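Chains as they are written, first to last, in this note's numbering: chain G, 7 to 124; chain Z, 36 to 145.
What follows is a short report on a single structure.
Here is the structure:
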């Protein structure tokens with residue numbers, strides 16, 4: 007059963023600390039998306055990778071956030087330093103852009119990382 | 036104008052009724068339209084997508100698309116309490132990105 011995995015599932019940290027979230031996309035998928043979800047803003051796209059190359063990080067606060075894909079099986083999202091306003095659920099999703107039409111647009115979500123910054 | 040608009044709800048329907056969820060979008064270039072379901076505290080999961088004008092049925096779910104009116108809807112027949120969730124509408128934008136609505140909360144009452 008192919009699934010996107012994310013670690014950690016929950017993270018509580020203090021303001022100013024570094025936070026690293028990890029995502030393993032579904033094997034064979036070539037697109038990875040990082041989202042942040044809050045009650046007020048809904049799903050916000052933070053970063054988007056295709057074939058490990060960053061295509062869009064316009065939604066990401068550049069001064070404190072960074073996203074990388076060191077290899078095809080791992081994507082990371084880092085926050086340094088973290089702030090209370092970063093408290094949210096962070097989702098990773100993956101897809102296969104080579105498929106035609108709607109199948110190529112489909113995104114499969116991981117379980118999320120619930121981040122609380124005190 | 037928001038790119039994707041959904042009534043936030045909550046939409047309340049009795050068990051066994053038809054639930055109708057609506058979505059309008061602004062990008063006329065969108066080709067694929069997605070409906071995801073999100074239970075409280077869980078991640079979004081794909082229900083179905085629609086590509087062509089008209090209706091697409093999958094079990095108790097029917098998606099309807101009208102590109103001329105920039106309108107997509109989801110009908111849930113024989114609604115069950117387990118259908119109580121938030122339903123997210125997401126047209127596909129450029130480069131395989133999805134443009135997300137804020138979702139409609141559905142409550143199915145036994």
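Ideal placement from N, C-alpha and C gives every residue a C-beta, glycine not left out.
On a predicted model such as this, the values are computed, not experimentally measured, just so you know.
Cβ-Cβ distance between residue i and residue j below 9 Å
i                      : j                      : result
residue 67 of chain Z  : residue 111 of chain G : yes
residue 93 of chain G  : residue 56 of chain G  : no
residue 139 of chain Z : residue 64 of chain Z  : no
residue 31 of chain G  : residue 100 of chain G : yes
residue 73 of chain Z  : residue 137 of chain Z : no
residue 123 of chain Z : residue 71 of chain Z  : yes
residue 114 of chain Z : residue 38 of chain Z  : no
Beta carbon proximity, residue i to chain G, threshold 9 Å
i                      : result
residue 38 of chain Z  : no
residue 102 of chain Z : no
residue 120 of chain Z : no
residue 142 of chain Z : no
residue 70 of chain Z  : no
residue 123 of chain Z : yes
residue 52 of chain Z  : no
Cα-Cα separation, residue i to residue j
i                      : j                      : result
residue 52 of chain Z  : residue 116 of chain Z : 11 Å
residue 46 of chain G  : residue 89 of chain Z  : 32 Å
residue 91 of chain G  : residue 59 of chain Z  : 30 Å
residue 196 of chain Z : residue 42 of chain G  : Chain Z is shown only over 36 to 145; residue 196 of chain Z falls outside these bounds and no answer can be derived.
residue 23 of chain G  : residue 105 of chain G : 40 Å
residue 27 of chain G  : residue 79 of chain G  : 14 Å
residue 11 of chain G  : residue 82 of chain G  : 12 Å
residue 93 of chain Z  : residue 52 of chain G  : 32 Å
residue 135 of chain Z : residue 20 of chain G  : 30 Å
residue 72 of chain G  : residue 144 of chain Z : 44 Å
residue 118 of chain Z : residue 74 of chain G  : 36 Å
residue 97 of chain Z  : residue 87 of chain G  : 46 Å
residue 75 of chain Z  : residue 117 of chain G : 12 Å
residue 85 of chain Z  : residue 104 of chain Z : 15 Å
residue 54 of chain G  : residue 82 of chain Z  : 22 Å
residue 127 of chain Z : residue 133 of chain Z : 4 Å
Within-9 Å CB hit, residue i to chain Z
i                      : result
residue 117 of chain G : yes
residue 56 of chain G  : yes
residue 48 of chain G  : yes
Minimum C-alpha distance to residue i - residue among the options
i                      : options                     : result
residue 124 of chain G : G:25, G:77, G:34 and G:11   : G:25
residue 121 of chain Z : Z:142, Z:130, Z:64 and Z:84 : Z:142
residue 37 of chain G  : Z:145, Z:130 and Z:144      : Z:130
residue 119 of chain G : G:84, G:68, G:8 and G:35    : G:84
residue 97 of chain G  : Z:49, Z:77 and Z:54         : Z:77
residue 50 of chain G  : G:16, G:66 and G:8          : G:66
residue 107 of chain G : Z:101, Z:46, Z:69 and Z:39  : Z:69
residue 33 of chain G  : G:76, G:9 and G:122         : G:9
7 Å Cβ cut-off: residues of chain G touching residue i
i                      : result
residue 131 of chain Z : 37, 101, 103, 110 and 111
residue 86 of chain Z  : 107 and 108
Residue i: contacting residues in chain Z (beta-carbon distance under 7 Å)
i                     : result
residue 61 of chain G : 130
residue 52 of chain G : Within chain Z, no residue comes near residue 52 of chain G; the closest Cβ sits about 12 Å away, beyond 7 Å.
residue 97 of chain G : 78
Listed by chain order, chain G residues near residue i by CB distance under 9 Å
i                     : result
residue 56 of chain Z : Neighbours of residue 56 of chain Z on chain G: none; closest Cβ ~15 Å, over 9 Å.
residue 98 of chain Z : None at all; the shortest Cβ gap to chain G is about 11 Å.
Chain G contact residues for residue i, given Cβ-Cβ distances below 8 Å
i                      : result
residue 67 of chain Z  : 107, 108 and 111
residue 138 of chain Z : 48
Residue i: CB within 8 Å of a non-hydrogen atom of the ligand PLP
i                     : result
residue 72 of chain Z : Annotation note on the ligand PLP: not contained in the displayed structure, which lists no ligands.
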